[in-house]
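Peer 1: So the mapping is simple: the numbering used here equals the position in the sequence shown, first residue as 1, plus 719.
Cβ atoms here follow ideal geometry from the backbone N, Cα and C, with glycine treated the same way.
For reference, the structure I am asking about is given below.
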Amino acid sequence: MPSAGPTSKSPIKLGFFLRRLALAVPTLIGVLVVAFLLLYVAPGDPVQEMVGERADSATVARLRAQLHLNEPLPRQFAFYAGGVLRGDLGKSYITGRPITRDIAERFPNTALLAGSAMLLAILIGIPLGVLSARFPDTWVDRGASVGAYLGISFPVYWVGLVLILVFAVALRSLPPSGFGNGNPVYLILPALALGTRSIAVLTRQTRSAVLESLGADYVRTARAKGMPERSVVWRHALRPALIPIITVLGLDVGYYLTGSILTETVFSWPGLGRYVVNAIARRDLPAIQGSVLFLSVVFVVVNLITDILYAVVDPRVRYD
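As structure tokens, then:
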């Protein structure tokens, strides 16, 4: 965990990386175990899902042997973990395609959607929070607070449907769904739907953090020197407040990854979230296993990057 301390020339140490990576290993092992057990928690026989109900017993027995399903559970886990370490997440029961290829094709679209939603949250949420802190108990502050409460309260799929009704059906200004061969216009509504909650959370967090910074001694000193209020707020009060803001953004990555499942379904966005929904509907367990494992690794990596950004933003941060 980061803590405030004296400034050092190299606040990020190799030991910190090694400790964070060591802490991530048990998490990844736990996710690997949970993903493996999905095969046994789900009802039904996975081989029957592959071949259908009319397949002969010889075909079923051969496939069970190929998938190592006749082996004891520890050996099955060893085969599965070994494949994951080699980058082999198995093949889809439905299409027969490697799961890694499906993820490689669809995750860039999900990353584009999540990145656009995060960009909207930063460009809208942080300025709103700063304005609310600079003008507390005014109509600006009250309006931003009401909007933040509403943004947190509404689920992402409901926001998506409302945006489609307003901008696509009523105003006919934006396309309701689809990818449009990469046309940025098709990205606006799903990114706004996915980023609405994050905008609300970021607005509240920024307001709270900046208000706390505005009461600090260094801010009073800057004002005493005659610096313009705008410079005091944006240059002196905002930077120390970025630590909790970065924390919120790092945690929101998990929301972007899970919220993209509903968002991509509502807007027919060809990303990994929609791929997971289709895999669940078809009971394609290897696709579900591989997607859950991949998204978990992404979340762990983003949390590590978030810790690194602490020291980049605030040089007073050191790692004990």
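From L961 to G866, what does the alpha carbon distance come to, in whole angstroms?
Peer 2: Answer to the nearest angstrom: the Cα atoms are 22 Å apart.
Peer 1: Counting only runs of 4+ residues fully inside the region 791-858, write out the alpha helix (DSSP H) ranges in chain order.
Peer 2: Listed in chain order, the complete alpha helix (DSSP H) runs (minimum 4 residues) inside the region 791-858 are 792-804 and 818-853.
Peer 1: For the region 898-963, list the alpha helix (DSSP H) runs that are entirely contained and at least 4 residues long, ordered along the chain.
Peer 2: For the region 898-963, whole alpha helix (DSSP H) runs of length 4 or above, ordered along the chain, are 904-933 and 936-943.
Peer 1: Relative to the C-alpha of A1006, which residue among I871, S811, A797 and L839 is closest?
Peer 2: The shortest C-alpha separation from A1006 is found at S811.
Peer 1: Below 8 Å, can you find three or more Cβ-Cβ pairs linking the region 859-876 to the region 915-927?
Peer 2: Touching, yes.
Peer 1: In its own chain, which residues sit with a C-beta less than 7 Å from the C-beta of L882, not counting the 5 before and 5 after it?
Peer 2: Within the same chain, L882 has close Cβ partners L908, L911 and A912.
Peer 1: Let me confirm a value: G870 is counted as buried when at least 16 other C-beta atoms fall within 10 Å, else exposed. Which label applies?
Peer 2: It is buried - the Cβ of G870 has at least 16 other Cβ atoms within 10 Å.
Peer 1: According to DSSP, simplified to helix, strand and coil, what is R891?
Peer 2: Looking at R891 - three-state DSSP - the assignment turns out to be coil, as it is neither helix nor strand.
Peer 1: Which of the three DSSP states is assigned to S896 in this structure?
Peer 2: Three-state DSSP puts S896 in coil, outside helix and strand.
Peer 1: Going by alpha carbons, who is nearest to A799 out of I822, V967 and L756?
Peer 2: Looking at the sequence shown, residue 799 is not Ala but Tyr. Ranking the options by Cα distance to Y799, first place goes to L756.
Peer 1: Work out the CA separation of R794 and N828 for me, nearest whole Å.
Peer 2: Near 36 Å, if we compare the C-alpha coordinates of R794 and N828.
Peer 1: Taking the alpha-carbon positions, what's the V1021 to V972 distance?
Peer 2: So the two alpha carbons sit approximately 8 Å from each other.
Peer 1: Which value, in whole angstroms, describes the spacing of the CA atoms of S776 and T814?
Peer 2: So the alpha carbons of these two residues sit roughly 22 Å apart.
Peer 1: For R942, which option in H955, E931 and T1025 has the closest C-alpha, if you only look at C-alpha atoms?
Peer 2: For R942, the nearest C-alpha among the options comes from H955.
Peer 1: Thinking C-beta only, is G914 closer than 7 Å to L1048?
Peer 2: Nothing about residue 1048 can be reported from this structure: the residues present for the chain run from 720 to 1039 only.
Peer 1: Determine the DSSP secondary structure at G1009, reduced to helix, strand or coil.
Peer 2: If DSSP states are grouped into helix, strand and coil, G1009 belongs with the helices.
Peer 1: Any contact between the region 841-858 and the region 989-998? By contact I mean 3 or more CB pairs, one from each, below 8 Å.
Peer 2: Because the criterion of three Cβ pairs below 8 Å is not met, the region 841-858 and the region 989-998 do not touch.
Peer 1: Determine the burial state of P730: buried for a count of at least 16 other Cβ atoms within 10 Å of its Cβ, exposed for fewer.
Peer 2: Reliability of the predicted coordinates at P730 is poor, the pLDDT of 47 falling under 50, and the value obtained from them is presented with this limitation in mind. That one is buried.
Peer 1: Run through DSSP, which three-state label would D1026 get?
Peer 2: The answer is helix: DSSP assigns D1026 an H, G or I state.
Peer 1: If you draw a straight line from the alpha carbon of R739 to that of L1012, how long is it in whole angstroms?
Peer 2: The straight-line gap from Cα to Cα measures roughly 19 Å.
Peer 1: I need the straight-line Cα distance from L1004 to R916, nearest angstrom please.
Peer 2: Between L1004 and R916, the C-alpha separation is close to 30 Å.
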